[in-house]
Amino acid sequence: MKLSGFMDQAYGGKVRTKKRLDQKRGEFLLGFEDLAQRLKERPRRAEVEKLAPEEAEAIVDLVVSASPGDRREETIWGILSSLAAERLPTPLVIPPQNYAGLELRGGTIILDENTSTAGPKAKGSEGAGKTAKIRAHHLGERMAGGRVFVCGSAGDYLGQEMRGGGIVCSSCGDYAFRNMAGGWGVVKGDAGNYLGVGNSSGIIAVKGRAGARAGWLMRSGRIRVGKDAGDYLGMMMSGGSISVGGRTGARAGWRMKGGLIMAEDYGDEAGAEKVGGRILRR
Amino acid sequence: MPDPLRKIDDLVRALEELRLHVGPADLLVGDRKVNGLLYISLANACLRNRAALLYGGMGANKTTLVNLLGSAFTGLSFDQVENLMITGHPEQTEEKMVGFIDPRQWSCPQASSSGPSGSESSSFFEDVGAIKVLWTPWARSRWKVINEINRFPSGKQNLFLELLQKRKVGYAGETLELGDTCYFATMNPDFSSTYPLDEALLDRISISVPAAQPDFLAGLALAEREKEVWELAESLPRLTIEEFDALPGMVASVSLDSQVELAIISLLRDFTLCERAPSFDKTQLSGGSKPSRGLCAGCHYFNNPEVCCWQADEGLSDRVRQDLRSYTRAISFLLGLGGSEGKIEVLRAVAPYVVWHRISPNRTMLERPPYYGARRLEFVKDIVEKSINRTLNERGEMNMIFARAVDGEISPKEALERLSESDDPIARLDYKRALERMA
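Order-wise, the sequence lines are chains A and B. Read the first sequence against this note's numbering and you will find it ends at 282, with the numbers running on by one and no gaps. Read the second sequence against this note's numbering and you will find it ends at 1439, with the numbers running on by one and no gaps.
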């Protein structure tokens, strides 16, 4: 048999015309650990983006296969999760892990503990509550757009320093939406202490209770708490508004300089040492 | 008309039902999943003069499985097969394994003429009189099991190298022709009392399959086994001598299509070609100049995941080609794919097991996830898969151009021009050189 006959049989008349080897797009990476090793101590998003693969699927593979060992690797992983979500046409569904959605600019991340993806599980510590579930911290931190849905409870520092986008979760730990400058957050259950500390903009809605010192040093923006709030609500706030559906704890509006607090009922010493602003009863 | 295939199917079922082998279905052939350890051992039993190495820790059912298969294929009892086996240890001697000089030939003359036959006198010894050698049952057996081969010191491993290479064994000037034999070896991971296997010996081992400890479900199944292995082994179906002898011919009658042949040749070239090696042949490289020693630094193929050459230190010998063809045929035969298409899927399944023990993967790649330095077989599977896929898809046009030039349908010059756009290693290093010679 002639060689061309042999080749004809081998290919059955279906010959592809691709001639060259695939050109590498982005850096050739051996895995998440390889990517982490190439980045400096405090990697920025642009540096991670430069080394990460172009294709969304390849980033998802990295995200799913990674096992970040320390905080530095967790932040790299968080940025990668955001890059994947931004490039995917559909929501990125992954198990919750610290720093998921870090600096997210678009797209949607669904953090679901029960997802079938064989990815890393959250390593966050247990929250102050009695829940036995492990909660991931720093979710949606510094995000500027997109959506993060947490199927379950979020840990501490949820949406910290966020500038845009939105976060929805069942409940959250301490320091949620700290230094928030834009966007919105919805907590369908209870929030921990220090909710919306130092906010300069943005909207926070908590359907359940909020812990102590919600709205501490708040400058602008809005906080709505559906049920009761803890002590020192709106402490030293200078602007914005806080609305509470139930009763506040002691010393609501302590040393407040501006803004508005409105609640059904107040605990002891409401408005103590108040300099400015208003405290209203419904 | 012998029908050994039906008996082998019965044997597979019996091994499972009697809880004599309960491994997972980890070998994917097309859309069918079978147990790799069992089917590769069965494939080796259907072939002759090929050696299968079963690699794994203690209690992974390596030796027992091979002896059970030996009992079923040769018709001997389990005890008899166990007695045929030799086990490696540093004090093991050639006399115990192969044979020894019959002392009766000097004390009683009639013994010298009635000793075990099978020996041939060499011309040297014809002058001084033939020395009678008593060959051991293992040496005379057509089912040879070398248990814990890596417990033999390097010097003693050479015996097996010679055995597999020459298919004959010599002692005291006498030679025993081994005939068509099934070879099996087992090997543990590196322990303090083990020795590394010589590369030349590894190359002569045709196929290697890992054996794992029983998982939870397998443990449950084993808990249901109430009789001893040797008792249960009596219930296994047994092949007749005629059926055992008919197997190699039946396997050889399985034809391989052009797709498989092309994929095999291309796979070998993918591993063997190296732009920087003498004659582009990586098997020519010595210890200091290998991909792992910096040979590939700056090469434009380096770090390209589509290319195999830089990902393994060694090239593949022609024995690999023969082994790939044989085991593809044997597994196709066992799975009843003899007359149908889809043998390329068999090759995909079998090829990693034929290759992985023969090469040293690039350490940097192997250390990374998802291989973590330990999943060598998975690493080789991935490279083999890439090579086969590339041959079946992207290499189509360049192969057709080359074929037409070889057949004289187009001029070598035209083929060279058209191939100049291809940067595939086979096109650049094999086809272009061949066309330049033709031009």
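C-beta atoms are modelled at their ideal positions from N, C-alpha and C, and glycine is treated no differently.
- Look at B/GLU1341 here: in three-state DSSP terms it is coil, with no helix or strand label.
- Annotated three-state conformation of B/ASP1423 is coil, per DSSP.
- Interface residue (Cβ-Cβ distance to chain B less than 9 angstroms): A/TYR11 is classified as such.
- Residues of the region 1385 to 1397 of chain B whose Cβ lies closer than 7 angstroms to any Cβ of chain A, in chain order: ASN1393, GLU1394, GLY1396, GLU1397.
- As the crow flies, the alpha-carbon of A/GLN160 is around 42 angstroms from that of B/ARG1363.
- DSSP, read as helix, strand or coil, puts B/GLY1155 in helix.
- Between the region 1229 to 1240 of chain B and the region 1265 to 1284 of chain B, the count of Cβ pairs shorter than 8 angstroms is below three; the stretches do not touch.
- For the pair of segments examined, the region 1282 to 1298 of chain B was found not to touch the region 1258 to 1265 of chain B: the number of CB pairs separated by less than 8 angstroms stays below three.
- Annotation: Cβ neighbours of A/LYS2 in chain B (cutoff 7 angstroms, chain order): ASP1407.
- Residue pairing by DSSP places B/TRP1135 opposite B/GLY1099 in a beta bridge.
- Around the beta carbon of A/PHE32, a 10 Å sphere encloses 16 or more other beta carbons of the protein chains shown; the residue is thus reported as buried.
- Judged by DSSP secondary structure, B/LEU1236 falls outside any beta strand (DSSP E); it is assigned neither H nor E.
- Only those residues of the region 1306 to 1325 of chain B whose C-beta falls short of 9 angstroms from the nearest C-beta of chain A are listed: GLU1306, VAL1307.
- A/LEU51 does not reach chain B, its nearest Cβ partner there being about 14 angstroms away, counting only Cβ pairs nearer than 9 angstroms.
- If you draw a straight line from the Cα of B/SER1387 to the Cα of B/ILE1344, it comes to about 12 angstroms.
- Contacts with chain A at 9 angstroms (Cβ-Cβ) include B/GLU1261.
- For A/GLY78, the closest of A/MET236, A/GLY173, A/GLY166, A/HIS138 by C-alpha to C-alpha distance is A/HIS138.
- Annotation for A/GLY5: the continuous alpha helix (DSSP H) segment containing it runs 3 to 11.
- When secondary structure is reduced to three states using DSSP, A/PHE177 falls in the coil class, being assigned neither helix nor strand.
- In the DSSP secondary-structure assignment, B/ASP1281 is bridged to B/LEU1273.
- Under the three-state reduction of DSSP output, B/ASN1083 falls in the helix class.
- From the listed residues A/ARG105, A/GLY69, A/GLU264, the smallest Cα separation to A/GLY226 is found for A/GLU264.
- When secondary structure is reduced to three states using DSSP, A/LYS14 falls in the coil class, being assigned neither helix nor strand.
- Note on B/ALA1045: 16 or more other CB atoms within 10 angstroms of its CB, so buried under the neighbour-count rule.
- The beta carbon of B/THR1063 is closer than 6 angstroms to those of ASN1147, THR1186 in its chain, skipping five residues each way along the sequence.
- With respect to the 9 angstroms criterion, B/GLU1306 and B/LYS1290 are not classified as neighbours on the basis of their beta carbons.
- In the displayed model, B/CYS1182 falls within a strand according to three-state DSSP.
- By the neighbour-count criterion, in which 16 or more other beta carbons inside 10 Å mark a residue as buried, A/PRO89 falls on the exposed side.
- Contact between B/ARG1395 and B/SER1266 holds: CB atoms are separated by about 7 angstroms, below the 8 angstroms threshold.
- Shown here for A/VAL168: same chain residues with a beta carbon closer than 6 angstroms to its own, the five before and five after excluded, namely PHE149, VAL186 in chain order.
- Check the Cα spacing between A/MET237 and each of A/GLY258, A/THR248, A/GLN9, A/GLU49: the tightest is with A/GLY258.
- Under the criterion of beta carbons closer than 8 angstroms, B/ALA1052 and B/VAL1209 qualify as touching, at roughly 7 angstroms.
- In the DSSP assignment, B/ASN1147 is bridged to B/THR1087.
- Annotated as proximal: B/ILE1207 and B/VAL1354, with beta-carbon spacing under 9 angstroms.
- The beta-carbon distance between A/SER82 and A/ARG105, rounded to whole angstroms, is 7 angstroms. This is short enough to meet the 8 angstroms contact definition.
- Excluding sequence positions up to five before and after A/ALA250, its CB lies within less than 7 angstroms of the CB of ASP231, GLY267, ASP268, GLU269, all in the same chain and listed in chain order.
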